[in-house]
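To start, the structure under review is shown below, and the notes come after it.
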């Protein structure tokens with residue numbers, strides 16, 4: 001007879017070798033996210049790289065061997081480490097392997113009062129004399145983690161699943177943030193998990209002795225243990241904590257709790273007459289739609305909450321499909337003025353996986369500024385090279401009918417639980433599958449990240465500047481800025497070359513695109529002339 005299948009985690013989570021670096025990178029990432037800075041992506045990539053590294057690091061300089069750790073980030077870690085040591089912290093950012101674990105023996109004798117006899121604090125301890133108040137959030141967090149320790153019996157480490165985070169902010173609530181700063185609790189993984197440090201376990205054990213171990217032991221049954229623990233209600237009802245500081249669940253919609261709604265860009269509504277023809281056709285076909293300002297694309301679909309808590313602001317998640325509509329005359333003009341290439345580049349970066357290019361016939365091809373063969377080649381490149389799905393229609397009525405069919409198809413396709421996710425989260429799965437949970441971007445995040453004229457970094461401006469060169473596509477520009485992130489770094493590389501010939505061929509071997517082909521000598525020579533010529537270009 002086969003043995004019964006044992007569910008649950010089979011081994012405890014490994015000890016984090018660099019808890020201080022993990023904590024500081026997490027703080028910097030959360031601060032950048034709260035201020036809307038792009039550096040949050042840099043910190044997130046570095047954090048993931050550090051969490052995969054199994055060995056301890058003594059300083060920030062040693063972290064340079066890891067991916068996504070540059071000179072500036074290593075200096076930031078070294079400066080933060082100096083401040084930490086100056087304030088009496090540990091001598092190294094790694095977890096001390098030889099540190100004495102908290103005793104599992106019987107509790108110390110308790111005096112007549114409910115407070116335990118305070119033990120002699122260790123010299124140099126930053127938490128000497130710290131004792132969380134009765135019924136405070138910090139006390140409940142430590143006790144909850146200690147309960148998990150007693151149940152799992154996994155040494156000095158145990159995990160508590162964080163409550164789901166608000167998309168606009170990933171900061172923990174004040175009580176937990178205080179424990180993180182005191183180095184009593186460590187945050188690891190994504191989504192976040194919290195573990196007691198050795199100092200936190202020692203303090204939690206004293207609190208447990210004060211509360212009485214019998215109360216803690218009867219709070220849970222080992223056979224009913226789950227990997228993730230519910231958040232104690234006492235934490236959520238901490239005195240002085242407002243509802244704004246409480247972490248709420250992200251938007252989650254079940255199949256019966258939302259409707260699929262077509263969002264039409266306001267640019268598609270401009271036209272002669274009281275109501276443009278596209279909206280008239282959608283209304284005739286009874287397609288549920290709304291008109292909004294879309295910063296990328298012409299049509300997207302959202303799953304809109306049907307019974308929202310706030311009727312004026314219902315929750316909306318963007319489905320993984322986007323449509324860019326082009327009439328032939330508009331396609332011709334966009335190729336001439338360069339909008340065609342830029343729009344495709346922005347569509348590929350919008351965060352949605354299924355990109356549809358809707359090409360609509362309009363009038364005679366003979367009257368256009370470009371020959372028909374050029375337009376056909378552009379459409380073919382969009383499908384074969386850029387990976388778009390190209391749909392050609394005869395007129396606006398056929399285009400509206402195609403959008404109506406897509407709307408009905410998406411209603412049947414997305415019969416799963418939809419959940420909001422963060423922008424740039426690589427772990428989210430935006431495509432419906434057998435998985436009953438589907439992570440999607442909120443409409444506000446999608447539209448905010450697609451703003452065309454938002455504040456740009458030097459790297460982004462440099463990439464846009466490179467794309468103005470004829471023959472230099474978005475993929476080639478991305479490959480160049482990956483090697484030389486700013487014009488200053490490119491000019492420094494040119495200055496380091498010994499001869500003019502070496503300068504002209506400097507960029508010829510840069511690998512570009514999915515096929516990793518060389519940039520080539522022609523473009524390399526053109527870029528050399530652009531950035532190194534002192535006389536006017538002819």
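Residue numbers (UniProt numbering): 1 to 538. Idealized CB from N, CA, C, for every residue including glycine.
Sequence-distant residues of the same chain with beta carbon closer than 8 Å to residue 287, five excluded per side: 262, 400, 403, 404 and 407
State the Cα-Cα distance for the pair residue 302 and residue 444, rounded to the nearest angstrom. 11 Å
Run of the alpha helix (DSSP H) containing residue 478, from where it starts to where it stops: 474-483
Taking the C-alpha atoms as reference points, what is the distance between residue 53 and residue 47? 10 Å
Alpha-carbon to alpha-carbon, residue 136 and residue 465: 55 Å
For residue 503, which residues of its own chain have a beta-carbon under 8 Å away from its beta-carbon, when the five flanking residues on both sides are left out? 494, 497, 528 and 532
When we look at the beta-carbon of residue 326 and count the other beta-carbons within 10 Å, is it buried (16 or more) or exposed? buried
Less than 6 Å between C-beta atoms, sequence neighbours within five positions excluded: which residues of the same chain meet that for residue 451? 295
Nearest to residue 355 by CA position, among 366, 381 and 324, is which residue? 324
Could you have a look at residue 385 and say whether DSSP puts it in helix, strand or coil? coil
How about residue 40 and residue 33: are their beta carbons less than 7 Å apart? yes
Using CA coordinates, which residue listed in 470, 484, 448 and 307 is at the minimum distance from residue 461? 484
For the stretch 502-521 against the stretch 361-379, do three or more pairs of beta-carbon atoms, one drawn from each stretch, fall closer than 8 Å, so that the two count as touching? no
Between the alpha carbons of residue 200 and residue 44, how many angstroms are there, rounded? 26 Å
Taking DSSP as the reference, what is the three-state secondary structure of residue 435? The pLDDT assigned to residue 435 is 45, lower than 50, so where the model puts this residue is not dependable, and the model offers no usable value.
If you draw a straight line from the C-alpha of residue 16 to the C-alpha of residue 345, how long is it? 40 Å
Alpha carbon to alpha carbon, what distance is there between residue 337 and residue 469? 13 Å
At which residues does the beta strand (DSSP E) containing residue 446 begin and terminate? Per DSSP, residue 446 belongs to no beta strand (DSSP E); it is in the alpha helix (DSSP H), 443-449.
For residue 396 versus residue 505, is the C-beta distance shorter than 7 Å? no
Expressed to the nearest angstrom, what Euclidean distance is found between the alpha-carbon atoms of residue 524 and residue 534? 17 Å
What does DSSP give as the partner residues of residue 356 in its beta bridges? 323 and 389
Could you give the C-beta distance for residue 319 and residue 194, rounded to a whole number, given that I count them as a contact under 8 Å? Actually they are not in contact, since the Cβ atoms of residue 319 and residue 194 sit about 33 Å apart, beyond 8 Å.
With the cut-off set at 7 Å, would you say residue 418 and residue 441 are in Cβ contact? no
Closer than 7 Å, CB to CB, is residue 334 near chain B or not? Of the chains in the structure shown, none is chain B; there is only one protein chain.
Pick from 208, 177 and 132 that is closest to residue 147, judged by C-alpha positions: 208
Residue 457: which of 280, 360, 38 and 28 sits nearest, CA to CA? 38
Check whether residue 410 and residue 260 have beta carbons under 7 Å apart: yes
Beta-carbon gap between residue 258 and residue 312 smaller than 7 Å: no
Cβ neighbour criterion (16 or more within 10 Å) applied to residue 541: Outside the shown range of the chain, which is 1 to 538, sits residue 541, and nothing can be said about it.
CA-to-CA distance, residue 491 to residue 530, given in whole angstroms: 11 Å
C-alpha gap between residue 177 and residue 360, whole angstroms: 55 Å
Taking the alpha-carbon positions, what's the residue 348 to residue 198 distance? 47 Å
Under DSSP, the beta strand (DSSP E) around residue 366 begins and ends at which residues? Run containing residue 366: none; DSSP gives neither H nor E here.
Straight-line CA distance for residue 393 to residue 70? 50 Å
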